[in-house]
Amino acid sequence: MTLTRQGAAVRSPAHLRWLQDAGQLLVVDEKARRAHVLRGHEAALWTWFTLGYSYDKALHLLAAALKCPPAQAEAALRELLHSWQTLGLLEEARDGESGD
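If you count by the working numbering, then the sequence shown holds residues 546 to 645, one letter each, in order.
Rendered as structure tokens:
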């Protein structure tokens, strides 16, 4: 999965695997030997980005899902993406690289 916003790109590292059931999404870090459970809008965002949705489209859907203004949804999205980077679920992508 690769996500580009304003010329900056992040991607999921190659050592991540994920699976989804009806209630949650499990992201497994094979390198660190740990798993992260995503639920609700976090799981939806991961799925949307995995499906190739643009940042703007995912932001629009998130605002609708949270029933909030786009600026509030964008703040939540930025915080979530930062959290994913801190956890190692996303990393900066170099030109021409993707985590797909």
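A virtual CB, placed ideally from N, CA and C, is assigned to each residue, including glycine. Predicted model only: the values in this text are computed from it and were never measured.
| Asked | Found |
| --- | --- |
| Three-way DSSP call (helix, strand, coil) for Ala638 in this model | coil |
| Helix, strand or coil at Gln569 [DSSP, three-state] | coil |
| Alpha-carbon to alpha-carbon, Asp601 and Glu575 | 30 Å |
| Inter-residue Cα distance where the pair is Ser557 and Leu635 | 5 Å |
| Three-state secondary structure (DSSP) of Leu727 | Residue 727 is absent from the structure shown; the chain starts at 546 and stops at 645. |
| Proximity below 8 Å, CB of Gln565 to CB of Ala588 | yes |
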